[in-house]
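In the numbering used here, the protein residues as written are 9 to 183.
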């Protein structure tokens with residue numbers, strides 16, 4: 009635009025029609041770099057479900073449910089992000105494995121491993137996140153389950169103390 013004086017344009021001096029863009033402008037569209045009005049979408053959080061518990065697993069043998077939470081998808085094309093935070097205690101040279109699955113026994117995201125390579129007990133916390141890349145049907149709840157295995161070692165995950173709670177949060181995200 010030529011001929012603009014210092015101080016810029018007056019309010020309402022350019023109308024949508026002056027933009028020569030294709031498509032239809034609305035409150036749910038944005039103007040892309042190619043001068044096209046496009047629907048906004050993707051990356052929007054549709055819902056969040058969370059819980060906290062004073063849960064405790066002592067020497068889990070094989071993969072044992074540590075935390076589970078239900079969510080009912082609002083969109084069949086959305087994806088889920090699952091986050092879990094908790095505590096652990098590992099004896100010397102021990103490890104724990106943490107994984108996440110859904111109620112259909114679909115394992116996703118991979119296993120998180122926490123190891124103690126020292127000669128003394130260690131206590132720590134973890135905060136781990138999985139991206140669930142599957143699609144789920146709307147209208148019926150899906151349960152996401154976090155499981156822990158101590159791989160035959162002596163471990164403790166979580167806490168039975170009411171002020172030391174583990175948390176699980178599920179985000180449904182529009183993609």
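Positions of the beta carbon are idealized from the N, C-alpha and C atoms, including for glycine.
Item to check | Length of the line joining the Cα atoms of residue 58 and residue 150 | outcome: By one-based count along the chain shown, residue 58 stands at place 50. By one-based count along the chain shown, residue 150 stands at place 142. Their backbone Cα atoms lie some 14 Å apart in a straight line.
Checklist entry - Which partner residues does residue 115 have in the DSSP bridge list? => result Reading the chain shown from its first residue, position 107 is the one you call residue 115. Answer is 109, bridged to residue 115.
Next on the checklist: Give me, in chain order, the residues of the same chain whose beta-carbon lies closer than 7 Å to that of residue 67; leave out the 5 immediate sequence neighbours on both sides.
Outcome noted: Position 59 of the chain shown, counted from the start, is the residue given in the question as residue 67. Within the same chain, residue 67 has close Cβ partners 158, 162 and 163.
Checklist entry - Do residue 87 and residue 141 have their CB atoms nearer than 8 Å? => result Along the chain shown, read from residue 1 onward, the residue named residue 87 stands at position 79. Along the chain shown, read from residue 1 onward, the residue named residue 141 stands at position 133. Cβ distance < 8 Å, so residue 87 and residue 141 count as in contact.
Next on the checklist: At the level of alpha carbons, what is the spacing between residue 112 and residue 169?
Outcome noted: As a working note, residue 112 is residue 104 in the chain shown. As a working note, residue 169 is residue 161 in the chain shown. Between residue 112 and residue 169, the C-alpha separation is close to 32 Å.
Item to check | Proximity below 8 Å, CB of residue 96 to CB of residue 132 | outcome: Residue mapping note: residue 96 aligns to position 88 of the chain shown, counting from 1. Residue mapping note: residue 132 aligns to position 124 of the chain shown, counting from 1. Going by C-beta atoms, residue 96 is nearer than 8 Å to residue 132.
Checklist entry - Thinking C-alpha only, which one of 146, 175, 182 and 167 is nearest residue 82? => result Here residue 82 refers to the residue found at position 74 when the chain shown is read from its first residue. That would be 146, whose Cα lies nearest to the Cα of residue 82.
Item to check | As assigned by DSSP and simplified to three states, the class of residue 63 | outcome: As a working mapping, residue 63 is identified with position 55 in the chain shown. Coil.
Checklist entry - residue 156 and residue 105 look like a contact to me (Cβ under 8 Å); what is the Cβ gap, rounded to whole Å? => result As a first step, residue 156 is located in the chain shown; it is residue number 148 there, counting from the start. As a first step, residue 105 is located in the chain shown; it is residue number 97 there, counting from the start. Sure, about 7 Å apart at Cβ, within 8 Å.
Item to check | Identified DSSP bridge partners for residue 53 | outcome: Mapped onto the chain shown, residue 53 falls at position 45. Looking at the DSSP assignment, residue 53 forms a beta bridge with 181.
Next on the checklist: By the three-class DSSP mapping on this structure, what secondary structure does residue 147 have?
Outcome noted: Mapped onto the chain shown, residue 147 falls at position 139. Residue state, collapsed to three classes: coil.
Checklist entry - Going along the chain, which residues of its own chain have a beta-carbon closer than 7 Å to the beta-carbon of residue 60, five neighbours each way excluded? => result Here residue 60 refers to the residue found at position 52 when the chain shown is read from its first residue. Only 173, 174 and 175 meet the Cβ criterion.
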